[in-house]
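Chains as they are written, first to last, in the UniProt record's numbering: chain A, 1 to 161; chain B, 1 to 161.
We put the beta carbon where it would ideally sit given N, CA and C, even for glycine.
Predicted model only: the values in this text are computed from it and were never measured.
A short write-up of the structure that comes next.
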DNA sequence: GGAATATATCTTGCGAGGAAGATGTTTCCG
DNA sequence: CGGAAACATCTTCCTCGCAAGATATATTCC
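This is the structure we're talking about:
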């Protein structure tokens, strides 16, 4: 029934501990992220990909960005991003704006409605993060969290492009 | 051009900082996880869902578990899990084993080949984690990471099933 | 000017997973 | 015993995103 107490079938038990440890860590953060995105989806009808795009656009000068650059930053392929953009255009969040000086590029530009939704969703997101992450952890642990992340990015290939 | 230096169009700049902070944290861990799963997929042909299932089975008594329980632990719907199981049966990683005492339940049972793949993949996974996460972070930071995760799980709904 | 290369976007087909419903099995209760 | 409710699994249809290829435009070199 219980062969974990006295048996040791293979010498890789440490492996299992490490993999389990990492699994729990990832699971915890993913669960938090899922709840957060679920809230955004419920309240604003924004799937994660669309919310991410809105955040990037509302931070951009003139609230616009070339499609390709946006796709790259959101870690989407151009083909995949086309359909995300289609849905966002249909929802009146962005519009496609041809570039005057380079007719290859199309800007994704935030509509007034899109800017409004982005700001409100960002506010809700920040409030929830404060309540469910920052406050419980405390600033010190939150800082450690970001530091650990920075270490991971530095060790592994941090490809900024 | 640069309206971030001297302008402050809305009073929610702190919101943006928090959301950005969390986005970077999530992105860092997800990138690590993606690389890890990419390695497992490349070397063993195991998609993340299948690898997760294998780990749970290899830890289980008699290397088997009822389908529904497995689906629940892997955060999949029963319908979605059926097809994952189909692929794993086709790859000779698991087989479906009817239960003697309750003819509703079907066990997912690890095949010999499945057990072998699971052990080798787990070893690779643990080695990579040691090299790219545990060693760079140090045991203290790694401990802090797990602690922060535990806090998050405690604050938000920790459903132990 | 005009061909070759690079860039930006869109279209088609595929795999993964979820939701709703169908089927067969067990358990509960009169 | 016999029917109703709960349960486990599977089937069908849907959405989402990626990969590969097609099309159109820009830039560069001759």
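Contacting residues, own chain, Cβ-Cβ under 6 Å from residue i (five flanking each side not counted)
i                      : result
residue 96 of chain B  : 106
residue 70 of chain A  : 108
residue 48 of chain B  : 37
residue 103 of chain B : none
Neighbourhood of residue i by C-beta distance below 7 Å, restricted to the same chain and skipping five residues each side
i                      : result
residue 43 of chain B  : 124
residue 113 of chain B : 92 and 93
residue 19 of chain A  : none
residue 115 of chain B : 58 and 63
residue 55 of chain B  : 118 and 122
residue 98 of chain B  : 106
residue 68 of chain B  : 78
Exposure label - residue i; buried when at least 16 CB within 10 Å
i                      : result
residue 131 of chain B : exposed
residue 149 of chain B : buried
residue 154 of chain A : exposed
residue 5 of chain A   : The predicted model places residue 5 of chain A with a pLDDT of 45, which falls under 50 and marks its position as unreliable; any figure quoted below should be read in that light. Answer is exposed; the Cβ neighbour count stays below 16.
residue 122 of chain B : buried
residue 143 of chain A : exposed
residue 90 of chain B  : exposed
residue 28 of chain A  : buried
residue 168 of chain A : No answer is possible for residue 168 of chain A: it lies beyond the span of chain A, which begins at 1 and ends at 161.
residue 77 of chain B  : exposed
residue 32 of chain B  : buried
residue 86 of chain B  : exposed
residue 10 of chain B  : Because the pLDDT at residue 10 of chain B is just 49, under 50, the model does not fix this residue reliably, and the point stays unresolved.
residue 15 of chain B  : buried
7 Å Cβ cut-off: residues of chain A touching residue i
i                     : result
residue 28 of chain B : 149, 152 and 153
residue 41 of chain B : Under the 7 Å cutoff, chain A gives no residues; its nearest Cβ is about 16 Å from residue 41 of chain B.
residue 66 of chain B : Per Cβ cutoff of 7 Å: no residues; residue 66 of chain B is ~17 Å from chain A at best.
Partners in chain A for residue i, counting only beta-carbon separations shorter than 9 Å
i                     : result
residue 71 of chain B : The contacting residues do not exist; residue 71 of chain B stays about 16 Å from chain A at best.
residue 55 of chain B : 16, 19, 20 and 23
Extent of the continuous beta strand (DSSP E) to which residue i belongs
i                     : result
residue 47 of chain B : Premise fails: residue 47 of chain B is in no beta strand (DSSP E) and is neither H nor E.
Counterpart residues of residue i in DSSP-defined beta bridges
i                     : result
residue 66 of chain B : B/107
Endpoints, alpha helix (DSSP H) assigned at residue i
i                      : result
residue 136 of chain A : 135-155
residue 122 of chain A : 112-129
residue 96 of chain B  : No alpha helix (DSSP H) holds residue 96 of chain B; the beta strand (DSSP E) holding it covers 94-98.
residue 86 of chain B  : 78-90
Neighbouring residues, chain B, relative to residue i (Cβ below 7 Å)
i                      : result
residue 118 of chain A : Near residue 118 of chain A there are no residues of chain B at all, since even the closest Cβ is about 10 Å away, more than 7 Å.
Interface residues of chain B facing residue i [CB-CB closer than 9 Å]
i                      : result
residue 125 of chain A : 15, 18, 19 and 22
Proximal residues of chain A, C-beta to C-beta of residue i below 8 Å
i                      : result
residue 122 of chain B : 12, 15, 16 and 19
residue 110 of chain B : The premise fails here: residue 110 of chain B is roughly 13 Å from chain A at the closest Cβ pair, so nothing lies under 8 Å.
residue 137 of chain B : 148, 151 and 152
Listed by chain order, chain B residues near residue i by CB distance under 8 Å
i                      : result
residue 141 of chain A : 144, 147, 148 and 151
residue 46 of chain A  : Going along chain B, no residue has its Cβ under 8 Å from residue 46 of chain A, so there is no contact; the nearest lies around 13 Å.
Neighbourhood of residue i by C-beta distance below 8 Å, restricted to the same chain and skipping five residues each side
i                      : result
residue 129 of chain A : 36
residue 137 of chain A : 145
residue 161 of chain A : Residue confidence for residue 161 of chain A is low, a pLDDT of 34 falling below 50, so the modelled location carries little weight; the figure read from the coordinates is stated next. Nothing listed; no residue qualifies.
residue 52 of chain A  : 74
residue 46 of chain B  : 40, 54, 117 and 121
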